[in-house]
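In the UniProt record's numbering, the protein residues as written are 1 to 368. Positions of the beta carbon are idealized from the N, C-alpha and C atoms, including for glycine. A quick write-up on the structure given underneath.
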């Protein structure tokens with residue numbers, strides 16, 4: 001019986017597999033559904049007894065907002081796609097309800113305490129404590145940045161992930177919360193649940209979270225969907241710093257939460273009294289940022305054999321970020337998308353790249 005032989009540490013000539021996950025509220029279930037299909041095809045391709053986990057095939061997983069939450073579940077908590085789907089449904093069904101809605105939502109229309117409670121439940125169910133740090137002790141000391149001259153002598157840990165957030169005073173540059181150390185601008189020394197809260201603190205939905213650092217001070221964080229809802233460029237840049245620009249790429253996969261409609265941003269009444277006009281304009285651009293980034297990268301990398309973008313084309317435009325009761329509808333549209341010949345062919349190519357263990361594709365991170 002063929003088995004997965006991908007090592008837990010990367011040898012110098014091992015190509016890296018990268019995964020980027022968009023934000024999109026409850027539509028993030030579409031990303032998990034797509035990943036589940038990929039994992040099941042890998043199981044068939046490699047004749048595995050069980051469905052493998054994404055962390056066993058992707059060396060770096062990065063996400064924003066709901067994609068950040070998924071990145072933590074798959075990367076830091078090392079969940080299977082089935083486990084993540086179950087956890088995602090539990091969080092959504094508890095948070096996005098009429099009972100959890102606040103009568104006045106100048107700092108978010110849903111109670112952030114419920115979100116925190118559900119995230120902590122997920123962390124505990126994965127075998128970690130509430131106080132467990134985001135920094136993975138198994139990655140400590142391994143995921144350092146090698147100099148160009150020393151790359152061949154450094155073994156890097158696999159299973160790395162990061163999420164994007166922003167400080168409330170700087171909406172132009174994302175803060176990366178990492179499960180590994182060794183990079184400049186390491187990010188806050190925080191708990192797993194705090195990083196998940198920071199990346200999901202979508203303005204108008206949840207209040208910002210303050211993460212206290214050394215000295216008892218710390219900024220407030222909101223999600224990085226405000227301009228970085230598609231974090232593919234962030235994943236690319238992070239990979240270059242983490243693995244070195246000469247590292248070969250096995251696959252670079254970007255997954256979206258479905259094409260949004262023109263009215264994907266709902267502006268709550270009175271928001272202009274709470275947030276500056278520039279902030280509101282950034283919010284309104286979120287619905288188009290994902291695809292503009294995707295279009296740009298498709299033109300730049302399309303046809304290079306390693307970059308792939310999977311995103312449901314129809315059906316998501318009628319689902320708002322907090323409509324958890326429509327999760328089954330999103331999954332139905334995703335299933336239909338996956339049955340289409342174009343998406344199915346793309347997934348087969350992704351699976352072929354992921355299963356080609358130890359074989360580079362002729363592309364380096366420098367070329368991306």
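Around the C-beta of residue 53, 16 or more other C-beta atoms lie within 10 Å, and the residue is accordingly described as buried.
Nearest C-alpha to residue 305 among 17, 10, 9: 17. Leaving aside the five residues that flank residue 343 on each side, the residues in its chain whose CB is nearer than 7 Å to its CB run, in chain order, 310, 337.
DSSP, reduced to helix, strand and coil, places residue 174 within a strand of the structure shown.
Residue 297 has its alpha-carbon roughly 11 Å from the corresponding atom of residue 253.
Taking C-beta atoms as the reference points, residue 128 and residue 77 count as a pair closer than 8 Å. Secondary structure at residue 304: coil, using DSSP grouped into helix, strand and coil.
Only residues of its own chain outside the window of five on either side were considered, and among them 118 have a CB closer than 6 Å to the CB of residue 91, listed in chain order. Beta-bridge pairing by DSSP links residue 64 to 164. Excluding the 5 residues flanking it on each side, residue 30 has same chain C-beta neighbours closer than 6 Å at 257, 258, 312, 330, 334, in chain order. For residue 332, same chain residues with a beta-carbon under 8 Å away, outside a window of 5 residues either side, are 315 in chain order. Here DSSP, grouped into helix, strand and coil, assigns residue 205 to coil. Distances from the CA of residue 323 to each of 164, 95, 40 were compared; the closest alpha carbon is that of 95. Taking C-beta atoms under 8 Å as the contact rule, residue 135 and residue 181 qualify, at a distance of about 6 Å. In the three-state reduction of the DSSP assignment, residue 251 falls in the strand class. Nearest to residue 84 by alpha-carbon distance, out of 242, 36, 356, 234, is 36. Apart from the 5 residues on each side of it in sequence, residue 100 sits with its Cβ closer than 8 Å to the Cβ of 94, 110, 111, 114 in its chain, given in chain order. By the beta-carbon neighbour count (other beta carbons within 10 angstroms, threshold 16), residue 212 is exposed. As the crow flies, the alpha-carbon of residue 217 is around 11 Å from that of residue 188. Residue environment: residue 186 is assigned as exposed (fewer than 16 neighbouring CB atoms within 10 Å of its CB, all protein chains considered). Within the region 302 to 353, the complete alpha helix (DSSP H) segments of 4 residues or longer fall at 327 to 339, listed in chain order.
Within the model, the alpha-carbon separation for residue 341 versus residue 301 is close to 21 Å. When 246, 202, 33, 240 are compared, the shortest CA-CA separation from residue 226 is found for 202. Annotation for residue 82: the continuous alpha helix (DSSP H) segment containing it runs 81 to 95.
Inter-residue distance for residue 82 and residue 64 is about 21 Å (C-alpha atoms, whole angstroms). With 16 or more other Cβ atoms from the protein chains shown falling within 10 Å of its own Cβ, residue 165 counts as buried. Going by DSSP, residue 36 is part of the alpha helix (DSSP H) stretching over 29 to 45.
When the Cα atoms are used, residue 207 and residue 219 turn out to be separated by approximately 13 Å. In this structure, DSSP gives residue 48 a state outside helix and strand, which the three-state scheme calls coil. Short of 6 Å from the beta carbon of residue 196, and not among the five residues preceding or following it, lie these beta carbons of its own chain, in chain order: 69, 72, 119. Here the alpha carbon of residue 368 sits roughly 19 Å from the alpha carbon of residue 162. CA-CA distance, residue 241 to residue 328, rounds to 39 Å.
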